[in-house]
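J.: Under the numbering used here, think of the first position of the sequence shown as 233, with each following residue one higher.
Cβ atoms here follow ideal geometry from the backbone N, Cα and C, with glycine treated the same way.
Keep in mind the model is a prediction, meaning the values are calculated, not measured.
My structure is below; once you've seen it, I'll send some questions.
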Amino acid sequence: MTGGLLLLDVDGPLNPYAANKTRRPEGYTTYRRTPSGGWHTGRDARRVKGLRVWLNPGHGTQLLALAAETGLELAWATTWQHEANDHIGPAIGLPELPVIEFPDFDQGWKWRGVAEFAAGRALAWFDDEHDEHAGAAEFTRLRAGAPTLLCHVDPRQGLGSAHLAAVRRWA
Numbered sequence: 233m234t235g236g237l238l239l240l241d242v243d244g245p246l247n248p249y250a251a252n253k254t255r256r257p258e259g260y261t262t263y264r265r266t267p268s269g270g271w272h273t274g275r276d277a278r279r280v281k282g283l284r285v286w287l288n289p290g291h292g293t294q295l296l297a298l299a300a301e302t303g304l305e306l307a308w309a310t311t312w313q314h315e316a317n318d319h320i321g322p323a324i325g326l327p328e329l330p331v332i333e334f335p336d337f338d339q340g341w342k343w344r345g346v347a348e349f350a351a352g353r354a355l356a357w358f359d360d361e362h363d364e365h366a367g368a369a370e371f372t373r374l375r376a377g378a379p380t381l382l383c384h385v386d387p388r389q390g391l392g393s394a395h396l397a398a399v400r401r402w403a
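Spelled out as structure tokens, the structure:
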């Protein structure tokens, strides 16, 4: 599906934030993002206060392989916006990716920004909140005729092989 997009949300798919708070998921590394914008891992992540982020360093390789295999272009569709390239991508081994900006996030979640960025291109989108926000009907109308896969990822589990397989089948 050359020319299509593979969109990545951070919280939920890459950071299983809703997993058991006392047990880091297997294969994940702990990071902390401080209110001042600091990014810490290892012992520092235990010493500082801030947003806990769990990331699996294997996801970068898996996503790059999926993009190469399917011809889909990776892009960030996350409220982390450009910080995804600063922190998330390097932590999991992804190069700098295009970023969808959401200046009207409160008004329409991510729907309008994604529809405008995709501009009719086919897209598969990993996110944990597709069903939780109004605007899906408008998004569907804007995307009429464009192949679209909204791939829900449980924020307690994070991205897994079944999600990657679903995109492979769809593409």
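1. Residues in the same chain with beta-carbon distance under 6 Å from T310, minus the five sequence neighbours each way, listed in chain order, please.
2. For the candidate residues P379, S393, G274 and G282, whose alpha-carbon lies nearest to that of W402?
3. For H272, collect the residues of the same chain with a Cβ closer than 6 Å to its Cβ; drop the 5 residues on either side in sequence, then sort them by chain order.
4. With C-beta atoms as the reference, is C383 less than 9 Å away from A368?
5. Of all the options L391, L237 and L329, which has the alpha carbon lying nearest to the alpha carbon of T302?
6. Sort out for me which residues DSSP pairs L287 with in a bridge.
7. So, for G292: in the same chain, excluding its five sequence neighbours on each side, which residues have a beta-carbon less than 8 Å away from its beta-carbon?
8. Go ahead and label P245 buried or exposed: buried means 16 or more other beta carbons lie within 10 angstroms of its beta carbon, across all protein chains shown.
9. Can you tell me whether DSSP reads G384 as helix, strand or coil?
10. Is N317 helix, strand or coil by DSSP?
11. When we look at the beta-carbon of A350 and count the other beta-carbons within 10 Å, is it buried (16 or more) or exposed?
12. Output needed for L287: all residues of its chain with C-beta closer than 7 Å, excluding positions within five of it in sequence on either side, in chain order.
13. CA-CA distance, F177 and F358?
T.: On the basis of the supplied data:
1. Here residue 310 is taken as the residue at index 78 of the sequence shown, counted from 1. Here the set comprises D241, V242 and A316.
2. Walking along the sequence shown from the start, residue 402 turns up at place 170. That would be P379, whose Cα lies nearest to the Cα of W402.
3. In the sequence shown, the residue the question calls residue 272 occupies position 40. So the qualifying residues of the chain are R264 and V280.
4. Within the sequence shown, residue 383 is the residue found at index 151, counting from 1. Within the sequence shown, residue 368 is the residue found at index 136, counting from 1. Contact flag unset, no.
5. Translated into the one-based positions of the sequence shown, residue 302 becomes position 70. Ranking L391, L237 and L329 by Cα distance to T302 puts L237 first.
6. Locating residue 287 in the sequence shown gives position 55, counting from the first residue. Answer is T261, bridged to L287.
7. In the sequence shown, the residue the question calls residue 292 occupies position 60. The answer, listed in chain order, is G321, I324, G325 and L326.
8. Mapped onto the sequence shown, residue 245 falls at position 13. Buried, since its Cβ has 16 or more Cβ neighbours within 10 Å.
9. Numbered from its first residue, the sequence shown carries residue 384 at position 152. Contrary to the premise, residue 384 reads as His rather than Gly in this sequence. Strand, per DSSP.
10. Within the sequence shown, residue 317 is the residue found at index 85, counting from 1. Three-state result, N317: helix.
11. Mapped onto the sequence shown, residue 350 falls at position 118. With 16 or more other Cβ atoms within 10 Å, it is buried.
12. For the purposes of this step, residue 287 is taken as the residue at position 55 of the sequence shown. So the qualifying residues of the chain are L246, N247, Y260, T261, Y263, I320, A323 and I324.
13. Lying outside 233 to 403, the shown extent of the chain, residue 177 is not represented and no answer is given.
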